[in-house]
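Okay, structure coming up:
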């Protein structure tokens, strides 16, 4: 953070009609936002959530409770406004964009889905490399282009959401390949039982072993990742230096953000962790990036649901900084005036 | 909770387009709200926050960093929309009412303040009983009448906020009189230093000792409490059976709610703890009532700021329950359909 912005923002906060520091973490969010925007106080006028969807070849191995069809069925639900992310975004003030990064279905021409389809699902990383080099490069580039578009549209805060049956398996594989123990990051996802969980664990460990050693985050992502996850990574990297703050969501999005962080640790300076999800492993990755989750509702839904809730809080922090009266303007005594009362 | 409401609500939630239970605590809030309203799904259309203000004689003992004047100065700030509670309520969808329970100042005729003034501040409980019997009865009755008015106005969710220099001292005294150790509930309030904290501790312990033994919560409240706090207690008790849910705020409001809980433990069934404040002692009282705070932002501002933020979350829970598509309506496969995919 530029020291001049930090001290100007601190002075601004301390002159609002409240005891110094009494808005707690909201003041911290406003400080971080001021640093991102380089503006005191920071302003949020337009917010959007991008829900990146893709299918995962690894689903063939029976790692999820839901059929792959759900990925494209949910895309239709996003468009008609019936998904959790639609309802939450309606009230938290986010525009919703559904991004097809690699869904194994065709959408009708003229649909409002943002078409960044790299392919109809990745290959199973248990048997093949998930993507070709060309596919991986395209996915990263798609993400960067989408970020450029969001910046151009004037969004001040963008949230990243995910939809993809099998994506907690993919996310776990990415993290295991970076050195996280499998036991710390393989989870029940949408709610599989003990036997399915043990199977998922084996699939992740075997798959990661098969493609190693890895030369770095891009290599890991190409061999094990999802199209839509590489797009998220490119998207997050593409926001750098733009002044646009970014809310991340649960486990799969956070895994993609961690890949961006491995490529460029500076991304953490403009990321906010919307929430702590119930999916195991989410907390440790956030901690690795130095991000503290804003809320913790034991959610495990994805779609950006935790990102928009946390984003609403960051927005509230900005709104209090922008709209509260100062001691002078409101004619309220400051704590320094207390002596007169004793 | 009526079992039929609980099972109907659970079935409703499980048929929305998301993995069962994946909205985590939001689903729990929706369940509790359904029980309060006796309706599936529960609906929130109108929300209000009542900020109860009063002055405390104990401020004469030098327990606060701010002069007593701040109480009435902040009332003017509430009316002009410049306080934190105004900004947060604007975006969380709460109408703001400033209630004069016992501020030591006169407000201009025609001001929008709800005039429930019992007196111009309580007496210092270090030297006198804080209130007379008549004052205490009036305050409790005022609170009940205000609750009846809120019910009649059709608010589905009401939040309780506080404003009163010295009220963390008063709240601590109430709790110590009920048996909480002083070390667990005497806090820095708006930010006093070590010496002032030690003094505040002594004031609380001596004051509580002076007026004991106590015959119960009403006796404690009369001898040690604040006018506006007795009004909060009456307000909370007055909501019973109405179907209106109530958000409580930080330490002073929670102390008043705990007095209501001591009088009638059933109040916990329609209370939500908006947040966990940074003021010491807040967590243990919430725990005693079996209430889990919704957010934890280290706030220590009062005014209902944590109550409206938490209330927004309860509202979101209700909105997802009301507005999300079902699996059938959205044409999304359920987890039971997974077999076809293997």
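Chains as they are written, first to last, in the working numbering: chain P, 3 to 344; chain R, 3 to 344. Here a beta-carbon is modelled for each residue, glycine too, at the ideal position from N, C-alpha and C. Because the structure is a prediction, the values reported are computed rather than measured.
- Taking a beta-carbon distance threshold of 8 Å, residue 85 of chain P counts as an interface residue toward chain R.
- Residues of chain P with a Cβ closer than 8 Å to the Cβ of residue 322 of chain R are, in chain order, 86, 89, 90.
- For residue 113 of chain P, there are no C-beta contacts with chain R under 9 Å, since the nearest C-beta of that chain is about 15 Å from it.
- Residue 297 of chain P reaches chain R at 297, counting residues in chain order whose Cβ is nearer than 7 Å.
- When DSSP states are grouped into helix, strand and coil, residue 301 of chain R belongs to the coil group.
- Inside the stretch 59-101 of chain R, DSSP marks whole alpha helix (DSSP H) runs of 4 or more residues at positions 71-82, 86-94, from first to last along the chain.
- Nearest in C-alpha terms to residue 56 of chain R, of all of R/228, R/267, R/28, R/187, is R/228.
- Within the DSSP secondary-structure output, residue 315 of chain R pairs in no beta bridge.
- For residue 35 of chain R, there is no enclosing beta strand (DSSP E); the residue is part of the alpha helix (DSSP H) that begins and ends at 27-39.
- Under the 8 Å criterion on CB atoms, residue 26 of chain P is classed as interfacial with respect to chain R.
- At a C-beta separation below 9 Å, residue 303 of chain P has these neighbours in chain R: 20, 21, 24, 25, 26.
- Here residue 79 of chain R is buried: its Cβ has 16 or more other Cβ atoms, across all protein chains shown, within 10 Å.
- Annotation: the continuous alpha helix (DSSP H) that includes residue 206 of chain P extends over 196-213.
- Membership of residue 164 of chain R in the beta strand (DSSP E) is indicated by the continuous run 159-165.
- Closest in C-alpha terms to residue 135 of chain P, from the list P/264, P/225, P/288, comes P/225.
- Interface annotation, residue 79 of chain R: in contact with chain P, CB-CB separation under 8 Å.
- In chain R, no part has a C-beta under 9 Å from the C-beta of residue 48 of chain P; the shortest such distance is about 15 Å.
- Listed as beta-bridge partners of residue 277 of chain R by DSSP are R/297.
- Counting C-beta atoms within 10 angstroms of its own C-beta, residue 9 of chain R has fewer than 16 neighbours from the protein chains shown and is therefore classed as exposed.
- At a cut-off of 8 Å between beta-carbon atoms, residue 331 of chain R makes contact with chain P.
- C-alpha of residue 174 of chain R to C-alpha of residue 303 of chain R: approximately 16 Å in a straight line.
- Three or more beta-carbon pairs drawn from the stretch 148-167 of chain P and the stretch 67-75 of chain P are found closer than 8 Å, and the two stretches are therefore classed as touching.
- The beta-carbon of residue 300 of chain R is placed less than 8 Å from the nearest beta-carbon of chain P.
- Take residue 239 of chain R, set aside five residues on each side of it, and the residues of its chain with a beta-carbon closer than 7 Å to its own are 146, 262, 265, 266, 269, in chain order.
- Of the candidates R/7, R/232, R/58, R/7 places its Cα closest to the Cα of residue 35 of chain R.
- Within chain R, the residues whose beta carbon sits less than 8 Å from that of residue 335 of chain P are 68, 69, 71, 72, 75, listed in sequence order.
- Assignment of alpha helix (DSSP H) within the stretch 103-187 of chain P, counting only whole runs of 4 or more residues, yields 135-155, 169-179, 184-187 in chain order.
- With the criterion set as a beta carbon lying under 7 Å from some beta carbon of chain R, the stretch 29-43 of chain P has no members that meet it.
- Counting along the chain, residue 22 of chain R sits inside no alpha helix (DSSP H), nor does DSSP assign it H or E at all.
- The Cβ-Cβ distance between residue 65 of chain R and residue 201 of chain R falls below 8 Å.
- With a threshold of 8 Å between beta carbons, residue 230 of chain P makes no contact with chain R.
- Closest by C-alpha distance to residue 28 of chain R, out of P/54, P/89, P/18, P/63, is P/89.
- With contact defined as three or more Cβ pairs closer than 8 Å, the stretch 285-298 of chain P and the stretch 252-259 of chain P are in contact.
- One alpha carbon belongs to residue 179 of chain P, the other to residue 42 of chain R, and they sit about 46 Å apart.
- Contact note: residue 325 of chain R reaches chain P through 89, using a C-beta cutoff of 7 Å and chain order.
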